[in-house]
Amino acid sequence: MSVDNTKPWEHPEVSLSSAGKYFTGYVVTLALLGVSLLLVREHAMTAFNLLATISVLAFLTTIAKLVFLFHLDFSETQRWNTLTLMLNVPLLILSVGLTSWMFQVLFRRVMMH
Amino acid sequence: MIVAGLHDDPPGPGTVLWADIDHEHDMMSTRMLGFWLYMLSDSLIFAALFAAYAVLSYPTSFMGGPTPRDVASPLYGYAETVVLFTSVFAYGMVMVKLRHDLPRAAIGWLLVSFLIGAFFIGMETHELRDVALAGGPPQRSGFLSIFWCVVVAHGVHLLFGLLWMLVMVAQIARDGFTQLVTYRLANLKVYWLYQGLIWTFVYTFVYLRGSI
Chain A
632 MSVDNTKPWE HPEVSLSSAG KYFTGYVVTL ALLGVSLLLV REHAMTAFNL
682 LATISVLAFL TTIAKLVFLF HLDFSETQRW NTLTLMLNVP LLILSVGLTS
732 WMFQVLFRRV MMH
Chain B
3 MIVAGLHDDP PGPGTVLWAD IDHEHDMMST RMLGFWLYML SDSLIFAALF
53 AAYAVLSYPT SFMGGPTPRD VASPLYGYAE TVVLFTSVFA YGMVMVKLRH
103 DLPRAAIGWL LVSFLIGAFF IGMETHELRD VALAGGPPQR SGFLSIFWCV
153 VVAHGVHLLF GLLWMLVMVA QIARDGFTQL VTYRLANLKV YWLYQGLIWT
203 FVYTFVYLRG SI
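Protein sequences, first through last, are from chains A and B. My numbering puts the first residue of the first sequence at 632, with every later residue one more than the last. My numbering puts the first residue of the second sequence at 3, with every later residue one more than the last.
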């Protein structure tokens with residue numbers, strides 16, 4: 632990929648920035664977390680369902696941030712960023728998920744409570 | 003440059019497998035991708051902290067002391083969320099001004115982002131001081147140790163981001179939007195937005211989950 636280096640601000644990654652997208656991301660992410668806040672304050676459902684729902688809302692917030700703020704997609708400029716993130720996500724899920732699962736089972740079976 | 007794709011003809015005797023000469027590298031893209039990979043590795047640090055938080059938030063880890071419900075208020079946490087996301091949005095505007103080659107406006111938005119970010123640090127400090135005074139210092143229990151660790155680790159990231167912003171204000175003022183300044187601003191964008199992303203998880207799994 633060749634780039635005109637005489638005007639650095641015209642670099643493809645800088646060109647992705649747009650005030651409209653940043654503002655959309657700002658409003659959408661705050662709204663999603665606002666819904667989480669309301670559900671928790673109202674104790675709108677059982678504890679397990681509530682945890683599942685706010686987890687999904689956190690996931691949607693993450694997607695909104697990645698799309699509107701980080702501008703991730705499969706274009707030539709961004710595809711390596713997107714691919715490396717996709718390869719990284721299983722590591723995050725495994726490290727948090729397996730640890731939580733392991734200790735949940737341990738807690739249930741051997742710890743005093 | 004010859005690009006081989008999945009749907010090209012099968013290789014034969016005349017196929018060129020690689021280029022004989024090295025083409026010019028795009029220095030900015032290379033450094034931005036490198037910094038992106040660094041941020042992904044940083045996310046594994048937070049994964050380790052969140053895993054430890056999950057492990058240490060069982061009642062046995064409270065040691066009779068404060069519980070998640072006592073130390074993290076969802077409403078105050080949401081106020082912090084609004085403040086941090088506003089700072090992130092202000093940094094987005096820095097990138098928009100960069101794109102349009104307006105250095106003075108970019109410095110203005112950088113300072114706005116810095117001040118709102120510093121206000122967030124103030125809110126967090128105030129909150130943690132209250133927790134400490136109400137009988138919840140980090141050494142009180144396993145749960146409090148990891149609570150402080152998660153919140154302070156995020157706060158320290160923000161402090162370094164704020165320091166970086168001041169450095170960039172000075173560099174824009176001194177050099178304008180050179181190639182070096184531009185890729186650093188783009189990397190700081192990734193760094194600052196990433197702190198907002200991590201906060202999403204801190205808020206959901208520390209502040210909100212604690213009150214379920």
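Think of the CB as a built atom: it goes at the ideal place given N, C-alpha and C, for glycine as much as any other residue. If you're wondering where the values come from, they're calculated on a predicted model, not measured in any experiment.
Minimum Cα-Cα distance from Y78/B among the listed residues D132/B, L146/B and F37/B corresponds to D132/B.
For T708/A, no alpha helix (DSSP H) segment is defined, and its DSSP state is neither H nor E. For S45/B, the enclosing alpha helix (DSSP H) stretches over residues M29 to V57. With a cutoff of 9 Å on beta-carbon distance, P68/B and R142/B are scored as near each other.
Taking the Cα positions, T206/B is about 8 Å away from L664/A.
By a beta-carbon distance limit of 8 Å, F705/A contacts T713/A. Their separation comes to about 6 Å. The beta-carbon distance between Y185/B and G163/B, rounded to whole angstroms, is 16 Å. This is too long to meet the 8 Å contact definition. In this structure, the alpha-carbon of L46/B lies about 9 Å from that of V727/A. By the Cβ rule, the segment 166–182 of chain B does not count as touching the segment 125–140 of chain B, because fewer than three pairs are nearer than 8 Å. By the 16-neighbour rule on beta-carbons within 10 angstroms, V736/A is exposed. Boundaries cannot be given for F699/A, as no alpha helix (DSSP H) includes it and DSSP labels it neither H nor E. When C-beta distances to chain A are compared with 9 Å, the residues of the segment 31–49 of chain B below that value are S31, M34, L35, W38, L39, L42, S43, S45, L46, F48 and A49, in chain order.
If you check the CB distance, F690/A and G656/A do not come in under 9 Å.
Here A136/B carries a coil assignment [DSSP, helix/strand/coil]. Against chain B, the CB of S706/A has no partner CB under 9 Å away; the residue lies outside that interface. The beta carbon of F203/B sits closer than 7 Å to the beta carbons of F52 from its chain, once the five residues preceding and following it are set aside; these are given in chain order. Take A188/B, set aside five residues on each side of it, and the residues of its chain with a beta-carbon closer than 7 Å to its own are M34, in chain order.
The residue among D28/B, S59/B, S43/B and M41/B with its C-alpha nearest the C-alpha of S147/B is S59/B. Excluding its 5 nearest sequence neighbours in each direction, F87/B has C-beta neighbours in its own chain below 7 Å: G198, listed in chain order. Nearest CB-CB separation between P721/A and chain B: not below the 9 Å threshold. Taken through DSSP and simplified to helix, strand or coil, I123/B comes out as helix.
At a cut-off of 9 Å between beta carbons, E673/A makes no contact with chain B.
Taking a beta-carbon distance threshold of 9 Å, M95/B counts as an interface residue toward chain A. A buried status is given to E82/B, since no fewer than 16 other beta-carbon atoms sit within 10 Å of its beta-carbon.
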